[in-house]
Amino acid sequence: MRSAVVDTVFADPPFNLGKDYKNGYDKVEHAEYIAWCREWILESCRVLKPGGAFFVYATPELAVQFATILGERLEFRHWISLTMKGTYPRGKRLYPAHYALLYYSRGSPRVFNRLRLPIETCRHCGREIKDYGGHRDKMNPEGVNLTDFWTDTSPNRHSKFKVRPGVNELKLIIPERAVLISTEPGDIVFDPFGGGGATYQAAEKHDRHWIGTELYDSAHIRKRIRENYPFSAACRPQFHFEKLFTHEDKQHEVLRGSEGESMQARTGTRFP
Ligand SMILES: C[S@@+](CC[C@H](N)C(=O)[O-])C[C@H]1O[C@@H](n2cnc3c(N)ncnc32)[C@H](O)[C@@H]1O
């Protein structure tokens, strides 16, 4: 990819916990893992436009290490805490109850959309839960400001909700918020760790373009996009590839997925 071409990077990397992603990457010496993370983080910074945003989802332990790398190129904006249910303490540790979503920007952010959440109501009676210190009447009818503490983001662990078996998929709302905060329709989102394709669905849902990579295979991602956005899935990609990628002579190769038919066969489009 060329430098400074994407508006937002969203990354949910493997955490080196020995998980079997069928690609042999998720258990190496810690130093080797961090060296690899340094490479993809700096490369992702390189492809980010000035004013672009970089989100990284990680355990707090990894997040502090990623933060020092991100800080070499970008400005810190937020450590967003996401409550995490169903984890367990290892060794002499406290009970882990949150993950971090680091949010950095390349210089001053070009886009910052303030998101609002609906005012909370009781699941049973439908009435509002808080009285907002007696100032309810002065509240914005569109809801309360999103904070850096998210409590509605625990993943669906049941396999029937998962797009790709065996992969820790994020709830759509996580990349969706990142996309909505930091981009406008037509902008480009890049996620280097596709997994089940949550980020790509979030981008599609809100009319953003996206670029993705996935080491394992992209069949689940393709299926997800095809099922949810059949029109987009059948469309010819809209970019001038020479503006985004070098090696234009390899376009055809790049566009052909590791599995499934080629982009050319699917769209009837010819890439020189
Ligand atoms: C935690 S999952 C991402 C899940 C994704 N955010 C979602 O919600 O569906 C990490 C993914 O990174 C992929 N991966 C690992 N190493 C990679 C690499 N070098 N390049 C591209 N993808 C890689 C793994 O196969 C796995 O699917």
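Be aware that the sequence shown starts at 891, since it is given in this note's numbering, and climbs by one per residue. Note that beta-carbon positions come from the ideal geometry of N, C-alpha and C, so glycine has one too.
For residue i, I'd like the list of residues in its chain whose CB is within less than 7 Å of its CB, leaving aside the five on either flank, ordered along the chain.
{"i": "P1162", "result": "Reliability of the predicted coordinates at P1162 is poor, the pLDDT of 26 falling under 50, and the value obtained from them is presented with this limitation in mind. Cβ neighbours of P1162 beyond the five flanking positions: none."}
{"i": "L1062", "result": "A1088, Q1091 and A1092"}
{"i": "S1148", "result": "Caution is warranted here: a pLDDT of 38 is assigned to S1148, below 50, making its placement in the model unreliable, and no coordinate value can be reported."}
{"i": "V1053", "result": "E1059, G1086, G1087, H1110 and R1114"}
{"i": "C1015", "result": "none"}
Anyone know if the C-beta pair for residue i and residue j falls short of 8 Å?
{"i": "R1017", "j": "V1034", "result": "no"}
{"i": "G1085", "j": "V1057", "result": "yes"}
{"i": "P1045", "j": "F900", "result": "no"}
{"i": "I959", "j": "L992", "result": "no"}
{"i": "G942", "j": "E965", "result": "no"}
{"i": "L938", "j": "N1003", "result": "no"}
{"i": "M896", "j": "I1078", "result": "Checking the sequence, you will find Val at residue 896 rather than Met. Closer than 8 Å, so yes."}
{"i": "F1131", "j": "E1104", "result": "no"}
Shortest alpha-carbon distance to residue i belongs to which of the options?
{"i": "T863", "options": "S998, I924 and Y1022", "result": "Because residue 863 is not part of the residues shown, which for the chain are 891 to 1162, the question remains open."}
{"i": "I970", "options": "R983, I1019, H988 and G942", "result": "H988"}
{"i": "P1075", "options": "K1061, V1001, S1108 and P1008", "result": "V1001"}
{"i": "K1095", "options": "V895, E951, F945 and T1073", "result": "T1073"}
{"i": "A921", "options": "L1105, V896 and F956", "result": "F956"}
{"i": "L952", "options": "Y923, K1020, H1014 and R1054", "result": "Y923"}
{"i": "W930", "options": "F1080, F1121 and D1038", "result": "F1080"}
{"i": "P940", "options": "K975, A1124 and T898", "result": "T898"}
{"i": "P999", "options": "Y1119, C927, W1100 and F945", "result": "F945"}
{"i": "G1171", "options": "Y1119, S995 and T977", "result": "Given a span of 891 to 1162 for the chain in the structure shown, any question on residue 1171 remains unanswerable."}
{"i": "D1097", "options": "E1117, S1122 and R1116", "result": "S1122"}
So, under 8 Å CB-CB, residue i and residue j are touching, yes? Tell me the CB distance rounded to an integer number of Å.
{"i": "L1134", "j": "R892", "result": "6 Å"}
{"i": "R1114", "j": "Q1091", "result": "6 Å"}
{"i": "L1060", "j": "Y947", "result": "7 Å"}
{"i": "T1043", "j": "T1136", "result": "About 37 Å; that fails the 8 Å criterion."}
Can you list, in chain order, the residues of its chain whose CB lies under 8 Å from that of residue i, leaving out five sequence neighbours each side?
{"i": "T949", "result": "F905, P986, Y989 and A990"}
{"i": "K982", "result": "none"}
{"i": "M1029", "result": "I1009 and Y1022"}
{"i": "R1067", "result": "L1005, L1036 and W1040"}
{"i": "S934", "result": "V899, A901, F944, F1080 and P1082"}
If you drop the 5 nearest sequence neighbours on each side, which residues of the same chain put their C-beta closer than 6 Å to that of residue i?
{"i": "P1008", "result": "G1033"}
{"i": "H1025", "result": "none"}
{"i": "R936", "result": "S893"}
{"i": "K975", "result": "S1044"}
{"i": "P903", "result": "F1083"}
Spell out whether any CB of chain D is found under 8 Å from the CB atom of residue i.
{"i": "F945", "result": "Absence of chain D from the displayed structure is noted, only one protein chain being present."}
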